[in-house]
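Note that this note's numbering has the sequence shown beginning at 1489, numbered continuously upward. Glycine included, C-beta positions come from ideal geometry on N, C-alpha and C. Below: one structure, written as structure tokens.
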Amino acid sequence: MSYSQYLPRRPRRLRRTEGLRAMVAEHQLHAADLIYPVFVLPGSNQREAVPSMPGVERLSVDLLIEEARAAYELGIRSMALFPVTPMEKKSLCASEAFNPDGIAQTAIRALKQALPEMMLIADVALDPFTSHGQDGLIDDDGYVINDATVEVLIKQALSHAEAGVDIVAPSDMMDGRIGAIRDALEDAGFVHTCIMAYSAKYASSYYGPFRDAVGSAANIKGGNKKTYQMDPANSDEAIAEIALDLEEGADMVMVKPGMPYLDIVRRCKSELAVPTFAYQVSGEYAMHMAAFEKGWLKQDEVILESLLAFKRAGADGILTYFAPAAARLLKG
Ligand code: PBG
């Protein structure tokens, strides 16, 4: 006779079949949860690989429209745009950031015309436009000057709103920028433009491949962003930063990077109960891809598991370079 325990509580009962597992699943990943970050090149018919992000291509606007249509077909409903500015357009004053005919502004107009249903998110920060690669204007010591930077960010956000963007996403971490941008949008009559604040953005080393992609890595020359982005040691501070951005008029907030910071996502959702987004950043993408390429991790399963973890932590949406791959998998 085989050994048998008397166990009224057997948690494995609910795991025995696919049907039971589906019945008790607490969280689900949907294509509409995915926000697709893309790098935009000037010109037309341009396509460039990003070596540290295998599978990611920088595209000119004409090709980006095709990419957006394909993503929409897969169920993706929003894209985040990151312009790749040529070196000769970068400067100390970052004036290219608010050029009405800049790469981001042009892409917003073209995409909105081609595919109005796709929600567009425009990054508000100066790093793609400064010759030194910092997110703001600097003084003689290289310190990023807060209020003078905010003045430029306002112009940049307004130029995105004028181009028809749905959501502006300040990723610069200057103090007071959400309130200043909100006031400027209201004053200019852009009362429907949403603000997704990169509220808890950490001074992370996981952003390296992104800086390669937008061409700011070489400019920043081994420098860092620790005087404005948050210290990875801190968690209470993230809640305070998020609360401040909400007070100033943010409609949605973001935690960044993603997987190493899911505790912050959970705290944000539990303590503040607001639309909460998280960014699975370029370094997270790169390390996954490296393991897939080595055959050390199974690509499809790991992509979906990594994204479901964000939902479980409380995220309402995830910015991820895996968006099209994940949406394709979800489609079956
Ligand atoms: C720019 C910005 C960065 C990212 C998004 N917006 C880089 C940085 O702060 O240096 C990183 C995204 C990624 O790594 O995928 N302010």
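Any heavy atom of the ligand PBG closer than 7 Å to the beta-carbon of Arg1699?
For the purposes of this step, residue 1699 is taken as residue 211 along the sequence shown, with counting starting at 1. Within the cutoff, so yes.
Report yes if the C-beta distance between Asn1707 and Met1662 is below 8 Å; otherwise report no.
Along the sequence shown, one-based indexing puts residue 1707 at 219. Along the sequence shown, one-based indexing puts residue 1662 at 174. Taking 8 Å as the cut-off, the Cβ atoms of Asn1707 and Met1662 do not count as close.
Counting only the same chain and skipping the five closest in sequence on each side, list residues whose C-beta sits under 6 Å from that of Pro1763.
As a working note, residue 1763 is residue 275 in the sequence shown. For Pro1763, where only same-chain residues beyond five positions count, the Cβ hits under 6 Å are Met1740, Asp1804.
Which residues does DSSP list as the beta-bridge partners of Glu1545?
For this step, residue 1545 is matched to residue 57 along the sequence shown. According to DSSP, Glu1545 bridges with Ala1537.
beta-carbon Tyr1716 near the ligand PBG non-hydrogen atom, thresh 7 Å:
As a working mapping, residue 1716 is identified with position 228 in the sequence shown. No.
Would you be able to state if there are at least three C-beta pairs under 8 Å between the segment 1620 to 1635 and the segment 1647 to 1654?
no
As a quick exercise: from Ser1647, Leu1562, Ala1636, pick the residue whose alpha carbon is nearest that of Arg1597.
The residue labelled residue 1597 in the question sits at position 109 within the sequence shown. Of the candidates Ser1647, Leu1562, Ala1636, the residue whose Cα lies closest to the Cα of Arg1597 is Ser1647.
Within the segment 1716 to 1775, ranges of the alpha helix (DSSP H) (whole runs, at least 4 residues):
1724 to 1736, 1750 to 1760
Quick one: any contact between the segment 1724 to 1743 and the segment 1770 to 1790, if contact means 3 or more CB pairs under 8 Å?
no
Reference Val1640, options Asn1587, Asp1675, Met1777, closest by Cα:
On the sequence shown, residue 1640 is found 152 positions in, with the first residue counted as 1. Closest option to Val1640, Cα to Cα, is Asn1587.
So, for Ala1613: in the same chain, excluding its five sequence neighbours on each side, which residues have a beta-carbon less than 6 Å away from its beta-carbon?
Residue mapping note: residue 1613 aligns to position 125 of the sequence shown, counting from 1. If we look at Ala1613 and ignore the five residues flanking it on each side, its Cβ neighbours are Asp1623, Ser1659, Asp1660.
Whether or not the segment 1606 to 1620 and the segment 1565 to 1581 are in contact is what I'm after, with contact meaning three or more pairs of Cβ atoms, one per stretch, closer than 8 Å; do they touch?
yes
Please name the residue, chosen from Leu1508, Thr1637, Thr1594, that lies closest to Ala1668 on a Cα-to-Cα basis.
Along the sequence shown, one-based indexing puts residue 1668 at 180. When only C-alpha atoms are compared, the closest one is Thr1637.
So, with DSSP's three-state summary, where would you put Asp1788?
Position 300 of the sequence shown, counting from 1, holds the residue named residue 1788. It is helical.
Sorted by chain position, which residues of the same chain lie with C-beta nearer than 6 Å to Ser1532's C-beta, five sequence neighbours on each side aside?
Residue mapping note: residue 1532 aligns to position 44 of the sequence shown, counting from 1. Result list for Ser1532: Ser1548, Asp1550, in chain order.
Leaving aside the five residues before and after Glu1536 along the sequence, list all residues of the same chain whose C-beta is less than 7 Å from its C-beta, in chain order.
Within the sequence shown, numbered from 1, the residue matching residue 1536 stands at position 48. Here the set comprises Leu1529, Glu1545, Arg1546.
Taking DSSP as the reference, what is the three-state secondary structure of Ser1532?
Working through the sequence shown from its first residue, we reach residue 1532 at position 44. Three-state DSSP puts Ser1532 in coil, outside helix and strand.
Hey, how far is the Cα of Gly1746 from the Cα of Ser1490?
Residue numbering aside, residue 1746 sits at position 258 when the sequence shown is read from its first letter. Residue numbering aside, residue 1490 sits at position 2 when the sequence shown is read from its first letter. Answer to the nearest angstrom: the Cα atoms are 48 Å apart.
Quick check for students: name the residue ranges of the beta strand (DSSP E) that lie wholly in the segment 1657 to 1712, counting only runs of 3 or more.
1682 to 1689
Mind checking which residues open and close the beta strand (DSSP E) that includes Asp1611?
Looking up residue 1611 in the sequence shown gives position 123. Note, Asp1611: beta strand (DSSP E), 1607 to 1612.
Report the three-state DSSP secondary structure of Gly1507 (helix, strand or coil).
Along the sequence shown, one-based indexing puts residue 1507 at 19. Looking at Gly1507 - three-state DSSP - the assignment turns out to be helix.
Taking the alpha carbon of Gly1590 as the point to measure from, which residue in Pro1542, Gly1563, Ala1645, Gly1543 has its own alpha carbon closest?
Here residue 1590 refers to the residue found at position 102 of the sequence shown. Ranking the options by Cα distance to Gly1590, first place goes to Ala1645.
Contacting residues, own chain, Cβ-Cβ under 7 Å from Asn1712 (five flanking each side not counted):
Against the sequence shown, residue 1712 aligns to sequence position 224. Only Ala1691 meet the Cβ criterion.
Does the distance from the CB of Ala1766 to the CB of Met1742 come in under 8 Å?
Locating residue 1766 in the sequence shown gives position 278, counting from the first residue. Locating residue 1742 in the sequence shown gives position 254, counting from the first residue. Yes, the Cβ-Cβ distance between Ala1766 and Met1742 is below 8 Å.
Can you check DSSP and say which residues form a bridge with Tyr1494?
For this step, residue 1494 is matched to residue 6 along the sequence shown. Partner(s): none; Tyr1494 has no beta bridge.
Any heavy atom of the ligand PBG closer than 7 Å to the CB of Gly1771?
For the purposes of this step, residue 1771 is taken as the residue at position 283 of the sequence shown. Yes - the ligand PBG has a heavy atom lying nearer than 7 Å to the Cβ of Gly1771.
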